[in-house]
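Enquirer: Protein chains in written order, with our numbering: chain A, 28 to 481; chain B, 1321 to 1598. In this text, a Cβ means the ideal position worked out from N, Cα and C, and glycines have one as well. Quantities reported herein were computed from a predicted structural model and do not represent experimental measurements.
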């Protein structure tokens, strides 16, 4: 009896020993795995932080801009022109319009740069020696158009002096922000020595001040006048495409997912379709661009470089994502709920629309918004349907030429005026990221709200 | 054996005082099943079940896990239709009408044969909406007042009204397990079914909630034909008038509950009731 007792005891001691020996190894591997996981997360977060810090550091200066406050004198000696035509009795409508057109043409022929030059010289210290070309390089090249436009609006300005805010040129802006190495020799400087000197004087006497760069949000892209280049056209183009994606991809995607998951008979055909949808989600986006160019532009003759085509291409690209996410959500609904509905005598359609969809709605919504956000950042397919063209207007309809935010970033990054466009590119990235974060924020907010209600 | 049988007998008599259990078998037949077979793909789950189910009485199906009792129950309101690859053979008639007839609408059938599931599965909606759902989709209420009345009377019949009358707009999922199951019963009753199928309705509930449901089942049998699948022999003995014992996809023995529990004819039934298989 004692014998058997002692053997069982020693056997159990053996077992405990064996378990303890293994235990250390098990804990060790767990610790290693945890450590690796933590390291991976820290690394990933580090890179994200680095990216954000870098983009913000480069992009923030672009949100400020140097403005010129000038007293512009509409000097009759420079603006040597007849008074604006007035309709006289007996004159026909056509004659008046012809006269008006001629007056505007004459106006355009005037050298408005002289007006700008005069006002710049007036702001400079008395006797400051600088050539016309040099002093004009301080103002942005579109300054003369603005001054002229004011005169066209109000010809009564002739002979008067008005306070006007104009943009400083991109080079001046760079000089002020310190993006240009001040120690470089004259040969390597974009601005001449007197111009650089005058800019510094202007900053000191308040003729040039720094303000928020509204141009980024209110202007379209520009190459001739970089300081006035803005994102408005790209923002509107992106907005149109997003609307098209939401209007087309969401209903089509959700409906096909519901049909495939709930109604379609399980057959070879549906299996084949399922495999292909999964494959489509993995197709490189540039291929969708080719498809869009071939089908929508070459075959359907939709306008090139238009948001309608971009929206359609992005719709095709987003569809598989939405279908897969929706099917996943539908699949996750507990069979108990389906049985409850069917057991009550609900038809299949009623089961889906009364019970299954409301439960899955938050996940479908989130997946959809993330899909749209993903499409929003897509660049490659848009390049292939011609959306990389330089477009200097806000598209009035989705059928007009336009660019999109990511394409605008691509275009600016490639611009030869590096010093100016590098911060602009970063600023555009910040705007794009802000739009994305807003979309994701909406997704998270809606999800938590809807889930609370359910 | 005798002791168990006696105990069951006394319990049953106390519950079934309203009706002599043997009378159940004299009642008109509501449902007739003949040679019902079910295949799940290549696997045969039921081997020719034939049974008559009496009107306004409780019929219980007992048997060990996987014996096919739930499968058979789900044939009665064609819930097996929803399972991929399930094939049902034989005939089941409700009042002489073949429920597998292609001309019969399964939606209508399920309105006539309600079902309560193993796990309480109220809709993630308010208590009111849970009960009102059936009448709404079947168009049974002509007005809001009509619907209100159906909801209240169904909750009353399910013995839940007093407990929830102040919170009809709160989610049904917030109730306790037993209350949820009674809500599911109220939901089934609201459509005015003729038959109510219950698939182990108490298996997820504690003893007190179980006792309340069992009392409820006993009350409901005055107006409804009830078929209940249960794991618990005591429950079958307490609530049912007719019992059928299933084993490995076969109907081994059926008869008045009292007979099954006191004088089982078949050896397998005896063994199961004695606790030797199961």
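1. Give me, in chain order, the residues of the same chain whose beta-carbon lies closer than 7 Å to that of residue 1593 of chain B; leave out the 5 immediate sequence neighbours on both sides.
2. Is there a Cβ of chain A sitting closer than 7 Å to that of residue 1381 of chain B, yes or no?
3. Just checking my contact of residue 354 of chain A with residue 287 of chain A at CB under 8 Å: how many whole Å lie between their CB atoms?
4. Leaving out five residues on either side along the sequence, give the residues of the same chain with a beta carbon under 6 Å from the beta carbon of residue 1444 of chain B.
5. Looking at chain B, which residues of the stretch 357-371 of chain A have a Cβ within less than 7 Å of any of its Cβ atoms?
6. With a cut-off of 8 Å on the beta carbons, I'd call residue 221 of chain A and residue 143 of chain A a contact; round off their distance for me.
7. From A:369, A:72 and A:40, pick the residue whose C-alpha is nearest to that of residue 1401 of chain B; which is it?
8. Out of A:250, A:350, A:248 and A:340, state which residue places its alpha-carbon closest to the alpha-carbon of residue 412 of chain A.
9. Give the interface partners of residue 1431 of chain B over in chain A, defined as CB-CB distance under 9 Å, in chain order.
10. Verify the CB distance criterion: does residue 92 of chain A have a CB-CB separation below 7 Å to chain B?
11. Excluding the 5 residues flanking residue 444 of chain A on each side, which residues of the same chain have their C-beta closer than 7 Å to its C-beta?
12. On the three-state DSSP scale, how would you describe residue 1580 of chain B?
13. Rounded to whole angstroms, how far is the Cβ of residue 105 of chain A from the Cβ of residue 141 of chain A, which I believe are closer than 8 Å?
14. Would DSSP call residue 1434 of chain B helix, strand or coil?
15. Quick check on the burial criterion: 16 or more other C-beta atoms within 10 angstroms. Buried or exposed for residue 1477 of chain B?
16. Taking the runs of the alpha helix (DSSP H) that are 4 residues or longer, which of them lie wholly in the stretch 134-219 of chain A?
17. Can you list, in chain order, the residues of the stretch 1486-1519 of chain B whose Cβ is nearer than 7 Å to any Cβ on chain A?
18. What residues in the stretch 1379-1405 of chain B bring their beta carbon closer than 8 Å to a beta carbon of chain A?
19. In whole angstroms, what separates the C-alpha of residue 64 of chain A from that of residue 48 of chain A?
20. Taking its Cβ as the centre, do 16 or more other Cβ atoms sit within 10 Å of residue 1574 of chain B, making it buried, or is it exposed?
21. Check whether the stretch 1413-1432 of chain B touches the stretch 1483-1491 of chain B, counting contact only when three or more Cβ pairs, one atom from each stretch, lie closer than 8 Å.
22. Should residue 263 of chain A and residue 433 of chain A be called a contact, given that it needs their Cβ atoms to be closer than 7 Å?
23. Is residue 377 of chain A close to chain B? Criterion is C-beta to C-beta, closer than 7 Å.
24. Mind listing the chain B neighbours of residue 6 of chain A? Cutoff is C-beta to C-beta under 9 Å, in chain order.
25. If we count Cβ pairs, one from each stretch, closer than 8 Å, do we get three or more for the stretch 384-401 of chain A versus the stretch 1451-1459 of chain B?
26. Given that a residue counts as buried once 16 or more other Cβ atoms are within 10 Å of its Cβ, and exposed if not, what is residue 202 of chain A?
27. Is it buried or exposed for residue 1474 of chain B, if we count other Cβ within 10 angstroms and need 16 for buried?
28. Is it the case that the Cβ atoms of residue 103 of chain A and residue 127 of chain A are separated by a distance below 7 Å?
29. Chain B partners of residue 382 of chain A, CB-CB under 7 Å?
30. Return helix, strand or coil for residue 127 of chain A, following the three-state DSSP convention.
31. Out of B:1551, B:1491, B:1394 and B:1519, which has the shortest C-alpha to C-alpha gap to residue 1358 of chain B?
32. List, in chain order, every chain A residue whose beta-carbon is nearer than 9 Å to that of residue 1360 of chain B.
33. Could you tell me how far apart the beta carbons of residue 1480 of chain B and residue 1506 of chain B are, in whole angstroms, since I believe they sit closer than 8 Å?
34. Give the residues of chain B in contact with residue 44 of chain A, contact being defined as C-beta atoms less than 9 Å apart.
35. Are the CB atoms of residue 1541 of chain B and residue 1377 of chain B nearer to each other than 7 Å?
36. Is the distance from the Cβ of residue 1471 of chain B to the Cβ of residue 1448 of chain B below 7 Å?
Expert: Per the coordinate set shown:
1. 1553, 1581 and 1584
2. no
3. 6 Å
4. 1493
5. 363, 364, 366, 367, 369, 370 and 371
6. The Cβ separation is near 16 Å, so there is no contact.
7. A:369
8. A:340
9. 371 and 372
10. no
11. 197 and 253
12. helix
13. 5 Å
14. strand
15. buried
16. 139-150, 159-163, 170-180 and 197-204
17. 1507 and 1511
18. 1397, 1399, 1402 and 1404
19. 25 Å
20. buried
21. no
22. no
23. yes
24. Absent from the structure is residue 6 of chain A, since the part of chain A shown begins at 28 and ends at 481.
25. no
26. buried
27. buried
28. no
29. 1443
30. helix
31. B:1394
32. Per Cβ cutoff of 9 Å: no residues; residue 1360 of chain B is ~15 Å from chain A at best.
33. 6 Å
34. What residue 44 of chain A touches in chain B: nothing, since even the nearest Cβ is about 40 Å away.
35. yes
36. yes
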